[in-house]
Ligand SMILES: NC(=O)c1ccc[n+]([C@@H]2O[C@H](COP(=O)([O-])OP(=O)(O)OC[C@H]3O[C@@H](n4cnc5c(N)ncnc54)[C@H](O)[C@@H]3O)[C@@H](O)[C@H]2O)c1
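In the working numbering, the protein residues as written are 347 to 732.
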């Protein structure tokens, strides 16, 4: 991966560029117009983005040299299934998309997942470009190469590795994000900070219990957070993009128990919230195994709670934790490879499932329950005083 000021290049299969449109280099519309050229372009977005950014989308369509069509996808987590992908493939076919034409995902992670899977399947892979409009999209889903949809109650069970031709990140989209979606993204930013950057973690901690207003979300600090998060994600992905190696990925921090939490809650608990809960219990496992100082786990749990995310939930039970470990062992070729923090800014792996005994996981869960109850009491006392 090489980095210019406005472009982060990710070298896999010829490489693709993540352009950061921070108001200084070429703008998003200009970049998109140039990247699409004279090709047919199927612009795929979501109802909220279509409504909030109607003018931008209209200007973009009329600036394109070739024919384009706008598709508005349903994007609840429960819409992220193969039928949505097939519906989009049918729309692409009706539009007459060709091998070298392009699909463009302009939306959050659900939108980019559906578009990536569809574009990966049509004629065994046609180009797609991602314009992520949520924080999760900009620092994770929209800049990676994995696309997945849920199947038979299993999160992201069906999917593809399909690198975008380009990703274009404009942090100004974040100004209109609803607070829950912002917080979901902060959970992923905390993950990245935990695995690679104690400084970033401290910056997120300093944001305190009150998160930036939508207006503040689009200022320079937010762009710095997005930029650093993208750098960490791309650096980690570049180590083993197709996951053919050891299946030990630091990016999996927060992603071992979270799929089952999301599914068990019937997606009432969002992806970001589930990742936050997973990171908290993984930190407690690290403490139970003597790999992390209790105070450091306290910082991680407090950062999650401080961002307005749940640190715990009723769905997180010993049975769910055991089921999750059994599932990841299947997924990670016989190893648990559970990512645990060993300090804020550094993580390691529990490779063997046998290390994760019922006793260890039970102790971790009980410790998390005590710690989050303590945080809730402190929060109640704080609110009563102010
Ligand atoms: N493929 C991957 O590598 C990967 C990585 C991380 C997450 N994901 C997936 O991403 C999904 C979560 O993504 P998400 O958090 O972006 O949620 P999302 O895609 O569900 O979007 C959340 C909501 O925000 C709306 N929205 C999008 N941009 C907006 C904007 N700028 N202003 C106002 N509203 C806006 C959307 O229309 C949607 O209603 C999960 O399904 C998760 O599994 C995939």
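We put the beta carbon where it would ideally sit given N, CA and C, even for glycine.
Secondary structure of residue 386, DSSP reduced to three states: Within the chain shown, numbered from 1, the residue matching residue 386 stands at position 40. Per DSSP, reduced to three states, the secondary structure at residue 386 is coil, with no helix or strand assignment.
Exposed unless 16 or more other CB atoms sit within 10 angstroms - verdict on residue 780: No information on residue 780 is available, as it lies outside the stretch 347 to 732 that the chain covers here.
Residue 502 CB to nearest heavy atom of ligand 1 below 8 Å: Within the chain shown, the letter at position 156 stands for residue 502. It does: the Cβ of residue 502 is within 8 Å (strictly closer) of some heavy atom of ligand 1.
For residue 411, the three-state DSSP class (helix, strand or coil): Position 65 of the chain shown holds residue 411. Coil.
Neighbour-count burial assignment, residue 458, 16 or more Cβ in a 10 Å radius: The residue given as residue 458 occupies position 112 in the chain shown. Residue 458 is buried by the Cβ-count criterion.
Counted within 10 angstroms of its Cβ, other Cβ atoms place residue 454 as buried (16 or more) or exposed: In the chain shown, the residue the question calls residue 454 occupies position 108. Buried, since its Cβ has 16 or more Cβ neighbours within 10 Å.
Candidates 490, 523, 534: closest to residue 513 by CA position: Counted from its first residue, the chain shown places residue 513 at position 167. Residue 490 holds the alpha-carbon nearest to the alpha-carbon of residue 513 among 490, 523, 534.
Start and end residues, beta strand (DSSP E) containing residue 505: For this step, residue 505 is matched to residue 159 along the chain shown. Per DSSP, residue 505 is one residue of the beta strand (DSSP E) stretching across 500-507.
Environment of residue 573 [buried if 16+ CB atoms lie within 10 Å]: Start at 1 with the first residue of the chain shown, and residue 573 comes out as number 227. Buried.
Contacts around residue 476, its chain only, beta-carbon distance under 6 Å, and the 5 residues preceding and following it disregarded: As a working mapping, residue 476 is identified with position 130 in the chain shown. If we look at residue 476 and ignore the five residues flanking it on each side, its Cβ neighbours are 451, 458, 488, 510, 513.
Selected residue, minimal CA-CA separation from residue 515, among 539, 501, 483: Stepping through the chain shown from its first residue, residue 515 is reached at position 169. The shortest C-alpha separation from residue 515 is found at 483.
Residue 567 - partner residues in DSSP beta bridges: One-based indexing of the chain shown puts residue 567 at position 221. Beta-bridge partners assigned by DSSP to residue 567: none are found.
Reduced DSSP secondary structure (H/G/I, E/B, other) of residue 684: Stepping through the chain shown from its first residue, residue 684 is reached at position 338. DSSP places residue 684 in strand when its eight states are reduced to three.
Residue of 647, 447, 366, 613 minimising C-alpha distance to residue 720: Here residue 720 refers to the residue found at position 374 of the chain shown. Ranking 647, 447, 366, 613 by CA distance to the CA of residue 720 puts 647 first.
Distance, residue 636 Cα to residue 684 Cα: Locating residue 684 in the chain shown gives position 338, counting from the first residue. Locating residue 636 in the chain shown gives position 290, counting from the first residue. Going from the Cα of residue 684 to the Cα of residue 636 covers about 15 Å.
Residue of 499, 597, 713 minimising C-alpha distance to residue 426: Your numbering for residue 426 matches position 80 in the chain shown. Nearest in C-alpha terms to residue 426, of all of 499, 597, 713, is 499.
Whether residue 461 touches residue 449 by CB criterion (9 Å): Locating residue 461 in the chain shown gives position 115, where the first residue counts as 1. Locating residue 449 in the chain shown gives position 103, where the first residue counts as 1. Cβ atoms of residue 461 and residue 449: closer than 9 Å.
Residue interval of the alpha helix (DSSP H) (run including residue 644): Indexing the chain shown from 1 puts residue 644 at position 298. Note, residue 644: alpha helix (DSSP H), 640-652.
DSSP state of residue 553 mapped onto helix, strand, coil: Residue mapping note: residue 553 aligns to position 207 of the chain shown, counting from 1. It is coil, neither helix nor strand.
Start and end residues, alpha helix (DSSP H) containing residue 540: Residue numbering aside, residue 540 sits at position 194 when the chain shown is read from its first letter. DSSP places residue 540 inside the alpha helix (DSSP H), whose first and last residues are 525-542.
Beta-carbon proximity check, residue 588 vs residue 597, cutoff 9 Å: Your numbering for residue 588 matches position 242 in the chain shown. Your numbering for residue 597 matches position 251 in the chain shown. When the beta-carbon positions are compared, residue 588 and residue 597 stay at least 9 Å from each other.
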